[in-house]
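Quick notes on the structure that follows.
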Amino acid sequence: MQSLKLNRETAHLAVLQRIELCNPILKKFRKLFGRYFFTAILSKYLISPSKISKNYHKLMTDELYLIEKYLKTNAKVLSIGSGVGGLEILINQKFNNHISFIERNFISKKIKYGWDNKNQEAYNNLDLLEQFLIKNGVKKEKFKIYDYDKNNLPQSKFDVIISLYSLDYHYEYNLYKDYLSKVMKPESILILDTIRPEYFNEIFKKVEVIKKDFDTVHKSKRIVCTNF
Ligand SMILES: C[S@@+](CC[C@H](N)C(=O)[O-])C[C@H]1O[C@@H](n2cnc3c(N)ncnc32)[C@H](O)[C@@H]1O
Numbered sequence: 690m691q692s693l694k695l696n697r698e699t700a701h702l703a704v705l706q707r708i709e710l711c712n713p714i715l716k717k718f719r720k721l722f723g724r725y726f727f728t729a730i731l732s733k734y735l736i737s738p739s740k741i742s743k744n745y746h747k748l749m750t751d752e753l754y755l756i757e758k759y760l761k762t763n764a765k766v767l768s769i770g771s772g773v774g775g776l777e778i779l780i781n782q783k784f785n786n787h788i789s790f791i792e793r794n795f796i797s798k799k800i801k802y803g804w805d806n807k808n809q810e811a812y813n814n815l816d817l818l819e820q821f822l823i824k825n826g827v828k829k830e831k832f833k834i835y836d837y838d839k840n841n842l843p844q845s846k847f848d849v850i851i852s853l854y855s856l857d858y859h860y861e862y863n864l865y866k867d868y869l870s871k872v873m874k875p876e877s878i879l880i881l882d883t884i885r886p887e888y889f890n891e892i893f894k895k896v897e898v899i900k901k902d903f904d905t906v907h908k909s910k911r912i913v914c915t916n917f
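Each residue of the sequence shown is one higher than the last, beginning at 690 in our numbering.
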């Protein structure tokens, strides 16, 4: 498996999306200098892209190990809030699937980690996402990126929908509830991190917990939902 290499701009995004990539000194600086300075300057210039690449690759490889049994070649995949897309690159390398991405194209001025009632927080750049996918060997015909804020979400059915630390971790499932009811088949699989797994028992006949996080910003569980 080809290893993921992030340049400074992409590494910057990855650090904003995955706070665990931040070293303890950077975290201290965040407390000292505030969220604005951290988001715009520190998390971009006080990082080593090569170290971030190594750690990000390891993080995404571990994520793939955890969910790969739910994927297969030719499964149509949708990723909601992929970040820079490292996991999706590894999925494409292994299964060669087509992957649709729904993401946002802005970086909040002062990133707040945690629950975001109004879904105002985002930390991505869709041009950088596209460049990163192509640079890492994902062919143009194997992916499509949709900007959540442009109201043109894909309408075809998906086999597997992945949303790691995004839907129902930072913002309410309700935001996507109607949309997902249109693009999921009864046998489709939805994988996400949530702070309230029991809520999904009302929507899906089968909900399986595959990971428990106690060290993240808020305690959460990764669930796999089927039988919509
Ligand atoms: C904490 S990051 C997780 C990124 C990636 N899934 C990972 O595990 O590294 C959350 C991502 O959700 C994106 N996001 C925020 N609101 C969104 C929305 N309404 N639809 C899709 N993505 C959204 C953010 O831009 C950000 O990239």
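Cβ coordinates follow ideal geometry from the N, Cα and C atoms, glycine included.
- If you keep only unbroken beta strand (DSSP E) runs of at least 3 residues inside the region 777-825, you get 788-792.
- Of the candidates Thr915, Leu695, Glu887 and Asp836, the residue whose Cα lies closest to the Cα of Lys747 is Leu695.
- Rounded to the nearest angstrom, the Cβ distance from Phe917 to Phe893 is 6 angstroms, consistent with a contact under 8 angstroms.
- For Lys743, the secondary structure class from DSSP, reduced to helix, strand or coil, is helix.
- Glu897: member of the beta strand (DSSP E) spanning Lys895 to Asp902, first to last residue.
- When secondary structure is reduced to three states using DSSP, Pro875 falls in the strand class.
- A straight line joining the alpha-carbon of Lys910 with that of Arg885 spans about 8 angstroms.
- If you check the C-beta of Leu693 against ligand 1, you find no heavy atom less than 7 angstroms away.
- In the displayed model, Ser855 falls within coil according to three-state DSSP, outside both helix and strand.
- For the set Gln691, Ile850 and Ile708, the Cα lying nearest the Cα of Ile788 is the one of Ile850.
- By the C-beta density criterion, Arg697 is exposed, having fewer than 16 other C-beta atoms within 10 angstroms.
- In the structure shown, Val704 adopts helical secondary structure according to DSSP, grouped into three states.
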